[in-house]
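Engineer:
Take a look at the structure:
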């Protein structure tokens with residue numbers, strides 16, 4: 367199974383991925399993590415695309431299942447696995463996202479970063495997905511339960 371977690375920064379993608387990773391023993395990649403697969407960027411991308419394809423073709427929670435976390439909408443649009451992957455869109459109120467990001471910055475959120483977050487949220491509005499989660503008030507446990515439940519329903523339909 368291939369899960370694509372997509373959305374703006376600080377919407378809960380990594381927290382949910384980490385919890386599902388530990389519960390279901392999945393690999394998790396985010397951004398350009400795939401570069402660690404090879405010293406050569408082209409070869410690393412090729413290997414990663416093969417891994418994505420294998421995961422998208424596997425059934426159930428197979429050993430090659432993985433989660434790919436995407437913050438840049440352009441990266442999500444480059445994925446040609448829509449019919450086989452489960453796309454999960456994460457969002458939250460702008461004020462909550464800014465508060466979460468501020469926590470990463472020791473309580474300080476410079477204006478350029480605030481504007482970047484607003485732009486990310488705007489870019490992800492109305493994103494096409496199989497499941498959309500507003501994480502403004504949801505706890506990580508609730509988020510992961512919803513994702514796992516959804517994925518298990520998808521497995522039955524495949």
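Numbering (my numbering), first residue to last: 367 to 524. By construction, the Cβ of each residue, glycine as well, lies at the ideal position given by its N, Cα and C atoms. In this text, all values refer to a predicted model and were calculated from it rather than measured experimentally.
#1: Is the CB-CB distance between residue 368 and residue 455 below 8 Å?
#2: I'd like to confirm something about residue 477: is its beta-carbon nearer than 7 Å to some heavy atom of the ligand FMN, or not?
#3: Starting from residue 500 and walking both ways along the beta strand (DSSP E), at which residues does that stretch end?
#4: Could you compute how far the alpha carbon of residue 493 sits from the alpha carbon of residue 420?
#5: Does the Cβ-Cβ distance between residue 513 and residue 497 come in under 8 Å?
#6: Taking contact to mean at least 3 C-beta pairs separated by less than 8 Å, is the region 422-433 in contact with the region 472-485?
#7: How would you label residue 386, buried or exposed, when you count the other beta carbons within 10 angstroms and need 16 or more for buried?
#8: Tell me which residue opens and which closes the beta strand (DSSP E) that residue 455 is part of.
#9: Within its chain, find whatever has a CB closer than 6 Å to the CB of residue 489; leave out the 5 residues flanking it on each side and keep chain order.
#10: Between 371, 471, 470, 522, which has its C-alpha nearest residue 441's C-alpha?
#11: Please give the ranges of any beta strand (DSSP E) in the region 382-416, keeping only runs that are unbroken, at least 3 residues long and fully inside the region.
#12: In whole angstroms, what separates the C-alpha of residue 391 from that of residue 475?
#13: Can you grab the Cα-Cα spacing for the pair residue 393 / residue 477, in whole Å?
#14: Would you check if the distance between the CB atom of residue 487 and the CB atom of residue 374 is smaller than 8 Å?
#15: What's the gap between the Cα of residue 522 and the Cα of residue 499?
Structural biologist: In this structure, then:
#1: Along the chain shown, read from residue 1 onward, the residue named residue 368 stands at position 2. Along the chain shown, read from residue 1 onward, the residue named residue 455 stands at position 89. Against a cut-off of 8 Å, the Cβ pair of residue 455 and residue 368 comes out as no contact.
#2: Judged by which ligands are present, the structure shown has none, so any question about the ligand FMN falls away.
#3: Looking up residue 500 in the chain shown gives position 134. Run containing residue 500: 497-500, per the beta strand (DSSP E) assignment.
#4: Locating residue 493 in the chain shown gives position 127, where the first residue counts as 1. Locating residue 420 in the chain shown gives position 54, where the first residue counts as 1. C-alpha separation (whole angstroms): 25 Å.
#5: As a position in the chain shown, residue 513 is number 147, starting the count at 1. As a position in the chain shown, residue 497 is number 131, starting the count at 1. Going by C-beta atoms, residue 513 is nearer than 8 Å to residue 497.
#6: no
#7: As a working mapping, residue 386 is identified with position 20 in the chain shown. Buried.
#8: The residue labelled residue 455 in the question sits at position 89 within the chain shown. From DSSP, the beta strand (DSSP E) with residue 455 extends over 452-457.
#9: For the purposes of this step, residue 489 is taken as the residue at position 123 of the chain shown. Within the same chain, residue 489 has close Cβ partners 439.
#10: Counting from 1 along the chain shown, the entry for residue 441 is found at position 75. Minimum Cα distance to residue 441 is reached at 371.
#11: 393-396
#12: Within the chain shown, the letter at position 25 stands for residue 391. Within the chain shown, the letter at position 109 stands for residue 475. Rounded to whole angstroms, residue 391 to residue 475 spans 35 Å at the Cα level.
#13: As a working mapping, residue 393 is identified with position 27 in the chain shown. As a working mapping, residue 477 is identified with position 111 in the chain shown. The straight-line gap from Cα to Cα measures roughly 35 Å.
#14: The residue you call residue 487 lines up with position 121 of the chain shown. The residue you call residue 374 lines up with position 8 of the chain shown. Yes, Cβ-Cβ distance for residue 487 and residue 374 is below 8 Å.
#15: Numbered from 1 along the chain shown, position 156 holds the residue referred to as residue 522. Numbered from 1 along the chain shown, position 133 holds the residue referred to as residue 499. The straight-line gap from Cα to Cα measures roughly 21 Å.
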